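Working notes for the structure below.
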Amino acid sequence: MTAGSGVLLVLLSLSGALRAHEDLTARETCKAGFSEEGYTALISPDILQGERLLKVEFSSCLGSQGMQYETNSLDFKVGADGTVYATRELRIPSEQVAFTVTARDRRTAEQWDAVVRLLVAQTRSSHPGHKRGKKKDVTLDPSQPPRDTLLPWPPHQRSGGLRRQKRDWVIPPINVPENSRGPFPQQLVRIRSDKDNDIPIRYSITGVGADQPPMEVFSIDSMSGRMYVTRPMDREERASYHLRAHAVDMNGNKVENPIDLYIYVIDMNDNRPEFLNQVYNGSVDEGSKPGTYVMTVTANDADDSTTANGMVRYRIVTQTPQSPSQNMFTINSETGDIVTVAAGLDREKVQQYTVIVQATDMEGNLNYGLSNTATAIITVTDVNDNPPEFTTSTFAGEVPENRVETVVANLTVMDRDQPHSANWNAVYRIISGDPSGHFSVRTDPVTNEGMVTVVKAADYELNRAFMLTVMVSNQAALASGIQMSFQSTAGVTISVTDINEAPYFPSNHKLIRLEEGVPAGTALTTFSAVDPDRFMQQAVRYSKLSDPANWLHINASNGQITTAAVLDRESLYIRNNVYEATFLAADNGIPPASGTGTLQIYLIDINDNAPELLPKEAQICEKPGLNAINITAADADVDPNVGPYVFELPFVPATVRKNWTITRLNGDYAQLSLRILYLEAGMYDVPITVTDSGNPPLSNTSVIKVKVCPCDENGDCTTVGAVAAAGLGTGAIVAILICIVLLLTMVLLFVVWMKRREKERHTKQLLIDPEDDVRDNILKYDEEGGGEEDQDYDLSQLQQPEALEHVLSKAPGVRRVDERPVGAEPQYPARPVVPHPGDIGDFINEGLRAADNDPTAPPYDSLLVFDYEGSGSTAGSVSSLGSSSSGDQDYDYLNDWGPRFKKLADMYGGGEED
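When you line the sequence shown up against mature numbering (1 follows the signal peptide of the UniProt record, and there is no 0), it's residues -20 to -1, 1 to 894, in that order.
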């Protein structure tokens, strides 16, 4: 084929990739297996049936006899000599296809796997003038030695005839195995343009991995066009690269259009499967059937999942404990689902299994694949497959009669299910022997025991013993196929012991009816009690427990009740006509017991209370016709001993009927009004006789005080009239007003006198300014006494000091030493405005002499008090105390206290003595 024919010569070279594959074919001598872990071939997208694609090589120490090849693809088969061919006509739509070839030794049943990857090379549309029959696909036969030159740019038409149009070619991808050991840089391919025969050409590449991050993964010799990989590749980091190759002349002018280069990193099995968790937790019910799902474990492989490198298979390595079988579980090799494979899971025997699961890539090939392990902890969950059983068939207990909420027996059970679960918690039920419901069986939440408890008091006189049948079950129903045990039922014998019961009154409360007013000593009834202890010979004694009015008496032996006083229905102790008294009945048992009974006496009313007139006071106008007084009566009795009432005016005195009249309104009310035309204002006592309707009727004459007063046009008493009606004349009213005025005048004079006295007290001249008054200081603070022996103070010394002559010679007429005398006052020296330090001593001495000779000076000067300390003190003089000159005390700080402490600073802080 010549250049003039117009057919472009494209030689693909994969020498670097093939050399990397040759490094992986080194195997140990006489080791059975494929020569390669993976095979790669470049194919066209259209494959004919039976077309040979590549050949796999398998070496066996025993020869090729007995070896059988298989694939996991229906489209490809492997012949006996290792040739891979297509089983049907195919059209490959993707860039590559991968499948697994398995070599199986029929004699030993061993098998080996290898991955076949077919890369698809495609061409774009050819020149329109080419015939379809002459279209040629670019393929790479791995069996042919590769050449290292790639001519991607088509040659130009050099003759002067028609110009051939350029054709763009799709360059087959360049495959680079990852993790290659070099040496680096490692040549991948050489790129050439057919113009390099005429002019020098510079080659360059651009794209990710060249001049874009990651930088300088690939490089190219600008002169020769050889492209290199500079370091090992990692498919898990980046699986492919897209580069563009450029050809320019020495001046940088483009000679050819850029072409695309696709570089694929061929996956190697360099990553182990990694489990999502190192420990998986699952559970399965005990007694589960084989095939029950337990849990799923998952491992991921970073290698290519479309190849055997990333195809993970699972298997169980170990199981602990190996009971009841060493293979209780199995795992789906592809999905990682763990299921039960054997029966016999029993939580009561084995509560937990620890299963080590291994994940291996290369589709589980332990010879070539990488593995990792994880732990699956399978907990056998409890089901109620063990019914509760009593530890013994009979139980016994004892309870005193009349006792409730008492535990009389504890029923113990045994249940092998999970403690404190619904399968273990016991439920007790009495199925016979307690028709009256005296007992119930409660479950102890901690021990699961049944506590037979008395809920209804038992009576020894009725039942001396109970024979109960108790059945126990669980809160949860028994598992399917599990029957109740005959030991789930037990008998309980409960003995009732006799105790001394209190007597009781059969009719409590007892009600009797009688008329009030029965005389004392009348027998009312017999209120007797019954002793329930029929099998004990005991006597019962009666006594009163409550008798509020002390009206009753009870016979201590037989309980007969008689009256001790007259019973009055109108008494305060009666409520709704009923009087209640409580009595006590006590036996002589050991210990004694007593009961109480209540007697209710319903008192029937008799007419023993005369009616009382209401109201007691009223007022009426002095002229009739303006108003009237409505009157009624109150009777302590009840119907029929009350109204209707009869109201009458007595005949004596005669003025009553002359001045007043009564008009009946109804059975309970009447009106009192004036009979005459005018009655003088005042207070009048009007007697009225009221008679009830009892049998026999009772009458009562009551007096109503009526105030008669002048009224206005509305019939209301006027103010003056009300006063007049009260019985006060004009003279009395005037006298009361005069008394009120006199009282107010006296109060006013007293207030004025107090104000004047207060004013005089505040205007009194003080001897000295209150701020200079030191008497309070002398009395409260500076009186120090004369020592331990001087406890009695002579206050006269404060008024008449003996040592000051100017006080004794004070002017005549002075009686108090704290009064300011009247006389000439000495002139004290005036202090200069700006004193000279040398004049201060003279100023103080002159002021002191003037004060000593001043007869008007207050005698309560501090000199008169502070110098007097009593006599005979055992403390002695403080002048005997010597000052320390040891020098331990530092007085230099006195210099910082200002000029007032300068003298002390000179005395104590002047430095070391000579």
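Ideal Cβ positions, reconstructed from N, Cα and C, are used throughout, including at glycine.
Small disclaimer: the values here were computed from a predicted structure and weren't measured.
Item to check | Continuous alpha helix (DSSP H) assignments of at least 4 residues falling wholly in the region 579 to 639 | outcome: 634 to 639
Next on the checklist: Please report the straight-line C-alpha distance between S74 and P153, rounded to a whole angstrom.
Outcome noted: 13 Å
Item to check | Other residues of its chain near A356: CB distance less than 7 Å, five sequence neighbours each side excluded | outcome: Y260, G262, M275, V277, I318, V335 and V337
Next on the checklist: For V618 and D585, which I take to be in contact (beta-carbon distance under 8 Å), what is that distance rounded to the nearest angstrom?
Outcome noted: 5 Å
Checklist entry - Near V476, which residues of its chain fall below 7 Å by C-beta distance, leaving aside the five closest residues on each side in sequence? => result V379, E381, A438, Y440, N443, R444 and A445
Checklist entry - Count the other CB atoms within 10 Å of the CB of P499; is the residue buried (16 or more) or exposed (fewer)? => result exposed
Next on the checklist: I'd like the span of the beta strand (DSSP E) that includes R211, first residue to last.
Outcome noted: Segment: none, R211 is in no beta strand (DSSP E) and carries neither H nor E.
Checklist entry - L525 bridges to which residues according to DSSP? => result For L525, which the question treats as bridged, DSSP gives no partner whatsoever.
Next on the checklist: I'd like the list of long-range same chain contacts for A634, defined as Cβ closer than 7 Å, with 5 residues on each side in sequence excluded.
Outcome noted: none
Checklist entry - DSSP beta-bridge partners for H222? => result Y242
Checklist entry - Along the chain, where does the beta strand (DSSP E) that runs through E31 open and close? => result No beta strand (DSSP E) contains E31, which DSSP labels as neither H nor E.
Checklist entry - Quick one: is D665 buried, meaning 16 or more other Cβ sit within 10 Å of its Cβ, or exposed? => result exposed
Checklist entry - What is the residue span of the alpha helix (DSSP H) that A83 lies within? => result Premise fails: A83 lies in the beta strand (DSSP E), Q76 to D85, not in any alpha helix (DSSP H).
Checklist entry - Going by Cα to Cα distance, which pick from L532, L350, V384 and T562 is closest to A279? => result L350
Checklist entry - Near G501, what residues of its chain come up, given a Cβ to Cβ distance below 7 Å and the 5 sequence neighbours on each side ignored? => result T542 and T543
Checklist entry - Using the C-alpha atoms, what's the distance from V558 back to I642? => result 38 Å
Checklist entry - DSSP state of I824, grouped into three classes? => result helix
Next on the checklist: Quick check on this structure: which residue in F56, T67, F79 and R97 has the alpha carbon closest to the alpha carbon of L22?
Outcome noted: R97
Checklist entry - Any idea if residue 899 is buried or exposed, counting beta-carbon neighbours within 10 angstroms, 16 or more meaning buried? => result Residue 899 lies beyond the range of the chain shown here (-20 to 894); nothing can be said about it.
Next on the checklist: Between which residues of its own chain and D3 is the CB-CB distance below 6 Å, once the five residues before and five after are set aside?
Outcome noted: The predicted position of D3 is uncertain, since its pLDDT is 41 and thus under 50; a value taken from the coordinates is nonetheless stated next. Cβ within range, chain order: n/a, list empty.
Next on the checklist: What residue range does the beta strand (DSSP E) around residue 932 cover?
Outcome noted: No statement about residue 932 is possible, as the shown extent of the chain runs from -20 to 894 and does not include it.
Next on the checklist: Taking the alpha-carbon of A536 as reference, which of N530, A529, P512 and L564 has the nearest alpha-carbon?
Outcome noted: L564
Next on the checklist: Using CA atoms only, rank isn't needed, just tell me which of D265, D283 and P238 is closest to I246.
Outcome noted: D283
Checklist entry - What did DSSP end up calling N345 once you bin it into helix, strand or coil? => result coil
Checklist entry - What separation, rounded to the nearest whole angstrom, lies between the Cα atoms of Q299 and A322? => result 13 Å
Item to check | L33 to A78 span [Cα, whole Å] | outcome: 13 Å
Checklist entry - What did DSSP end up calling E738 once you bin it into helix, strand or coil? => result helix
Checklist entry - When DSSP labels each residue in this structure, what does N875 get in the three-state scheme? => result helix
Item to check | Nearest neighbour of T310, chosen from V209, S303 and V297 [CA to CA] | outcome: V297
Checklist entry - In three-state terms, what does DSSP make of S468? => result helix
Next on the checklist: For F627 and I611, which I take to be in contact (beta-carbon distance under 8 Å), what is that distance rounded to the nearest angstrom?
Outcome noted: 7 Å
Checklist entry - By how many angstroms is the C-alpha of E50 removed from the C-alpha of D341? => result 19 Å
Checklist entry - Hey, would you say E266 sits closer than 8 Å to R293, going by beta carbons? => result no
Item to check | Own chain partners of F485 with C-beta closer than 6 Å, once the 5 adjacent residues on each side are dropped | outcome: A509 and G577
Checklist entry - Among the residues of its own chain, which have a CB less than 6 Å from the CB of P304, if the five just before and after it don't count? => result G324
Checklist entry - In chain order, which continuous runs of the alpha helix (DSSP H) of length 4 or greater are located wholly inside the region 504 to 575? => result none
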